[in-house]
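>
Structure (structure tokens):
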């Protein structure tokens, strides 16, 4: 089997998730603070989500429908929110987001084809 260099580089460059650090878990209608990047689950199923605000810690947690996960940051620029089918998934969906807003998943589809609130 031939190695897949793109996947290897992506895995080597990824920072390990820090579960429970600098996170807020709340209801989907919660408004993000100016220094937070939040991700919410508007689907009917639980998924594994990650959020990282600029200058902040990447937080990872499984969210049930209607829940939100937030990361607090200290930097400027954009943060990243991601969703994965589960902890064993190699592929998922990610979005660059501005701090101060909650990006919610509307529909999960493999290989970065998910529907987010910013798509509507």
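Residue numbers (our numbering): 5 to 124. In this text, a Cβ means the ideal position worked out from N, Cα and C, and glycines have one as well. The structure presented is a predicted model; accordingly, all values stated were derived computationally and were not measured.
With DSSP collapsed to three states, give me the class of residue 98.
strand
> Between which two residues does the beta strand (DSSP E) carrying residue 1 extend?
For the chain, the structure presents residues 5 to 124; residue 1 sits outside this window and is missing.
> What did DSSP end up calling residue 61 once you bin it into helix, strand or coil?
coil
> If contacts are defined as beta-carbon pairs under 8 Å, then residue 120 and residue 108 qualify, I think. What distance do you get, rounded to the angstrom?
7 Å
> Helix, strand or coil, according to DSSP, for residue 28 in the structure here?
For residue 28, the predicted model reports a pLDDT of 47, less than 50, meaning its position is unreliable; a value from the coordinates is still stated below. In the three-state scheme derived from DSSP, where H, G and I count as helix and E and B as strand, residue 28 is classed as strand.
> Using alpha carbons as the reference points, say which of 36, 46 and 61 lies closest to residue 87.
46
> What is the residue span of the beta strand (DSSP E) that residue 87 lies within?
83-88
> Thinking just about the alpha-carbon of each residue, which of 38, 122, 63 and 58 is nearest to the one in residue 80?
58
> Tell me the DSSP secondary structure of residue 121 in three-state form.
helix
> Is DSSP giving residue 75 helix, strand or coil here?
strand
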